[in-house]
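Working notes, beginning with the structure itself.
Residue numbers (our numbering): 12 to 843.
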């Protein structure tokens with residue numbers, strides 16, 4: 012009986028369902044996340060890991076189309092116990108796809124994973140405290156080295172990382188990379204152009220001085236004799252005698268070099284000159300700069316990581332940027348997506364009925380205002396550009412189109428097109444500098460607040476009011492001026508409102524903002540947010556991370572403890588007096604459903620959180636530094652998709668998908684893009700056309716089968732995705748993992764069977780570009796041949812066959828197609 016090689020089976024099995032994981036807090040912008048990335052490791056062309064700041068660790072298995080991961084791959088912030096905040100990881104060493112060691116900033120030891128990053132454990136090295144580790148290198152499964160700040164220097168392990176000892180003979184200093192030829196010969200790089208080499212297992216060290224005073228960031232050896240180093244000021248060095256002697260030079264055009272990859276005679280390196288990939292094909296004798304210009308929404312803010320597998324190159328860097336080339340760096344596509352890196356995004360508007368999300372912060376270029384029209388599926392940056400002097404501070408949207416914005420230098424703007432354009436309306440009140448807060452009851456009537464920044468008496472308060480939509484203003488600042496700049500305000504109704512600022516003062520109005528009174532109770536820290544539920548019940552949070560409640564119109568205050576340290580609370584958002592969140596430094600979020608008696612602590616996974624919107628006790632959106640917008644949805648994926656396949660029938664494409672369970676499922680929006688001869692990954696970053704909608708089944712625990720036919724297509728290659736949306740606006744994308752050709756096939760293909768699992772029959776689609784014999788056979792899990800499904804000559808085109816479950820039991824099987832030199836294997840399941 013014929014046997015099919017199991018190694019071939021496992022390596023050839025394709026994943027036909029591509030779905031991004033959806034934890035309780037999901038990044039909507041940037042995608043897949045926005046923390047700075049410091050390294051990338053390619054297992055193969057499609058499977059990569061990336062890691063970096065705030066404990067970021069993410070993985071893709073389909074070349075960057077979808078990602079899974081978390082922000083817990085770092086040493087815990089000791090300053091914020093229980094806040095789920097983690098320090099950065101700077102480098103990783105992978106023994107294989109699942110086992111790795113990570114190092115980074117403020118670490119008491121190393122991090123380890125044995126399951127591909129899903130879980131992280133720590134191995135403490137320092138007796139107490141923490142220090143930065145910059146890099147890690149393993150000679151084999153047992154012997155490895157780490158290097159970092161002077162507290163660490165260089166450490167060695169001989170038991171796979173369980174225990175470590177310091178190589179104490181090495182001079183005190185910071186070390187950035189380390190390499191070992193064997194247990195005796197070790198090289199480590201430092202600052203000021205210094206390399207140190209040991210030939211006696213670290214008992215003694217020889218200083219090697221390279222050109223200039225560069226910091227030497229990355230060491231790479233391609234064999235025991237030939238190695239390279241790159242660093243600041245464009246430094247490049249090479250050795251051909253195992254590190255005994257080095258030749259080095261500096262190239263100012265290359266600026267700071269942080270990472271390199273060497274394959275054969277070719278060296279690729281990247282760094283602070285973020286729009287270029289530097290290439291040498293003669294081991295650094297000459298260099299050329301290849302521009303990094305990618306398709307898609309991205310911005311370059313320094314490149315930190317680089318890896319290559321085959322002809323695929325991946326570069327990662329600032330604000331979560333991930334760039335990919337499939338032609339060795341000639342052309343690029345942005346795997347990540349970002350339209351803004353706005354800081355201080357205090358304002359966040361969400362319309363659950365239309366899908367509009369608008370965030371406003373500040374950035375020097377376009378992007379102070381950025382928005383999505385489909386719950387975060389696609390983002391756009393407003394062309395509005397605010398200067399440092401005129402930066403926007405707060406936005407109030409009345410609906411998807413109309414809103415008002417206040418900013419520095421007494422700026423008041425209006426938009427009638429959802430933030431695309433802003434029109435300046437002069438405030439015209441003498442002495443006003445920064446406007447920081449606003450509250451309008453309708454288009455015409457509202458109050459604004461801020462003041463003149465400064466120290467002591469130089470700082471001034473300002474309150475203004477308009478009854479004609481900002482055409483005219485009255486200065487209603489209480490006199491004498493109380494020397495407190497106002498940072499927040501909230502009106503309980505048209506008469507009663509509250510405002511806050513520093514240091515700890517609260518102001519109150521009883522006549523709609525015509526007069527304001529500073530109240531006697533002074534809170535601990537600057538008041539960053541006030542929330543007025545009615546004229547008597549008011550909540551406040553302060554820069555010291557304190558939460559206060561008043562039930563008597565701010566005559567007295569009671570501090571309500573928060574069960575976590577928030578060094579500075581920048582905001583609060585409440586559905587009602589019981590259900591709300593308080594948020595601030597490093598993305599810490601404290602959620603309560605009983606007015607603060609108990610708290611659930613979580614973290615947005617990025618930088619400081621400033622704004623939020625909470626429409627439901629178990630749903631909220633959050634905005635944080637550097638353009639982050641995320642959604643919390645109680646950790647429930649509304650629909651569990653078990654399969655998604657598609658195939659061509661003439662000039663139509665038929666999509667079929669199955670759900671195992673559904674919860675609150677409104678339905679599926681079907682979208683299509685034309686690849687236009689580009690790679691699947693490049694095309695996936697294109698604008699998608701909405702071609703239909705299929706109603707969901709609400710909530711069910713039974714399997715549900717759906718289909719959609721895309722009719723009368725012209726010749727070309729197409730990709731598809733479906734956007735599942737629940738009744739609360741929560742959505743989830745599922746991608747068809749292959750492209751579908753209309754017209755004469757350009758090559759051999761074997762599609763995933765549908766349905767899968769199946770009983771009693773399933774369909775297999777395949778295509779051939781020219782006439783020839785095709786064989787498809789079925790095998791069991793042990794590789795034993797069970798039956799021949801197809802053995803015939805077929806004309807060029809698309810064809811299909813059926814497999815019956817008759818005579819075979821429940822379980823996993825494999826089917827293999829052979830046509831000429833083409834072979835493909837896929838897995839199927841029988842469920843009886």
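Where is the CB? At the ideal position from N, CA and C, for every residue including glycine.
Leaving out five residues before and five after residue i in sequence, what residues of the same chain have Cβ atoms less than 6 Å from its Cβ?
{"i": "residue 363", "result": "626 and 740"}
{"i": "residue 762", "result": "658 and 776"}
{"i": "residue 726", "result": "753 and 754"}
{"i": "residue 262", "result": "245"}
{"i": "residue 280", "result": "241, 268, 271 and 289"}
{"i": "residue 299", "result": "290"}
{"i": "residue 1", "result": "Outside the shown range of the chain, which is 12 to 843, sits residue 1, and nothing can be said about it."}
{"i": "residue 13", "result": "Low confidence applies here, because residue 13 scores a pLDDT of 38, under 50, leaving its location unreliable; read the following figure in that light. 796."}
What span of residues does the beta strand (DSSP E) with residue i cover, start to end?
{"i": "residue 206", "result": "205-209"}
{"i": "residue 250", "result": "246-250"}
{"i": "residue 501", "result": "497-502"}
{"i": "residue 734", "result": "727-737"}
{"i": "residue 334", "result": "333-336"}
{"i": "residue 87", "result": "Looking at the DSSP string, residue 87 is not in any beta strand (DSSP E), and its letter there is neither H nor E."}
{"i": "residue 476", "result": "471-477"}
{"i": "residue 99", "result": "First-last for residue 99: undefined, no H or E at that position."}
{"i": "residue 769", "result": "From DSSP, residue 769 is part of no beta strand (DSSP E); its letter is neither H nor E."}
{"i": "residue 201", "result": "Counting along the chain, residue 201 falls outside any beta strand (DSSP E), and DSSP gives it neither H nor E."}
{"i": "residue 632", "result": "630-635"}
{"i": "residue 784", "result": "783-790"}
Excluding sequence positions up to five away, which residues of its chain have a Cβ less than 7 Å from the Cβ of residue i?
{"i": "residue 42", "result": "347 and 348"}
{"i": "residue 389", "result": "383"}
{"i": "residue 141", "result": "86, 117, 118 and 119"}
{"i": "residue 24", "result": "The predicted position of residue 24 is uncertain, since its pLDDT is 26 and thus under 50; no value can be drawn from it."}
{"i": "residue 297", "result": "291"}
Determine whether the beta carbon atoms of residue i and residue j lie at a separation below 7 Å.
{"i": "residue 366", "j": "residue 385", "result": "yes"}
{"i": "residue 670", "j": "residue 650", "result": "yes"}
{"i": "residue 807", "j": "residue 785", "result": "no"}
{"i": "residue 10", "j": "residue 553", "result": "An answer regarding residue 10 cannot be provided, because it is not within the stretch 12 to 843 covered by the chain."}
{"i": "residue 122", "j": "residue 130", "result": "no"}
{"i": "residue 814", "j": "residue 841", "result": "no"}
{"i": "residue 595", "j": "residue 573", "result": "no"}
{"i": "residue 593", "j": "residue 601", "result": "yes"}
{"i": "residue 56", "j": "residue 409", "result": "no"}
When the Cα of residue i is compared with those of the options, which residue comes out closest?
{"i": "residue 313", "options": "738, 46, 181 and 328", "result": "328"}
{"i": "residue 507", "options": "514, 549, 477 and 534", "result": "549"}
{"i": "residue 631", "options": "654, 205, 638 and 613", "result": "613"}
{"i": "residue 450", "options": "464, 501 and 233", "result": "501"}
{"i": "residue 582", "options": "357, 822 and 287", "result": "357"}
{"i": "residue 428", "options": "369, 420 and 403", "result": "369"}
{"i": "residue 585", "options": "701, 566, 562 and 551", "result": "551"}
{"i": "residue 565", "options": "538, 210, 303 and 484", "result": "538"}
{"i": "residue 350", "options": "360, 319, 394 and 315", "result": "394"}
{"i": "residue 485", "options": "527, 453 and 194", "result": "527"}
{"i": "residue 173", "options": "673, 711 and 154", "result": "154"}
{"i": "residue 83", "options": "221, 89, 68 and 90", "result": "68"}
{"i": "residue 303", "options": "345, 295, 264 and 276", "result": "345"}
{"i": "residue 490", "options": "187, 505 and 474", "result": "474"}
{"i": "residue 64", "options": "58, 75, 143 and 54", "result": "143"}
Write down the C-beta distance between residue i and residue j rounded to the nearest angstrom, noting that I regard them as a contact closer than 8 Å.
{"i": "residue 270", "j": "residue 230", "result": "Rounded, the Cβ-Cβ distance is 11 Å, inconsistent with contact."}
{"i": "residue 629", "j": "residue 615", "result": "No, residue 629 and residue 615 are not in contact; Cβ-Cβ is about 16 Å, not under 8 Å."}
{"i": "residue 253", "j": "residue 236", "result": "5 Å"}
{"i": "residue 496", "j": "residue 461", "result": "6 Å"}
{"i": "residue 86", "j": "residue 119", "result": "6 Å"}
{"i": "residue 77", "j": "residue 746", "result": "6 Å"}
{"i": "residue 206", "j": "residue 257", "result": "7 Å"}
{"i": "residue 447", "j": "residue 404", "result": "5 Å"}
{"i": "residue 125", "j": "residue 146", "result": "The pair is not a contact, with the Cβ atoms about 21 Å apart (cut-off 8 Å)."}
{"i": "residue 664", "j": "residue 751", "result": "5 Å"}
Near residue i, what residues of its chain come up, given a Cβ to Cβ distance below 8 Å and the 5 sequence neighbours on each side ignored?
{"i": "residue 301", "result": "287, 288, 289, 290, 340 and 341"}
{"i": "residue 213", "result": "165, 167, 178, 180, 181 and 197"}
{"i": "residue 354", "result": "372, 373, 374, 636 and 637"}
{"i": "residue 238", "result": "190, 198, 230, 231, 232, 249, 250, 253 and 254"}
From the beta carbon of residue i, is the nearest beta carbon of chain C less than 7 Å away?
{"i": "residue 163", "result": "Among the chains in the structure shown there is no chain C, since it carries only a single protein chain."}
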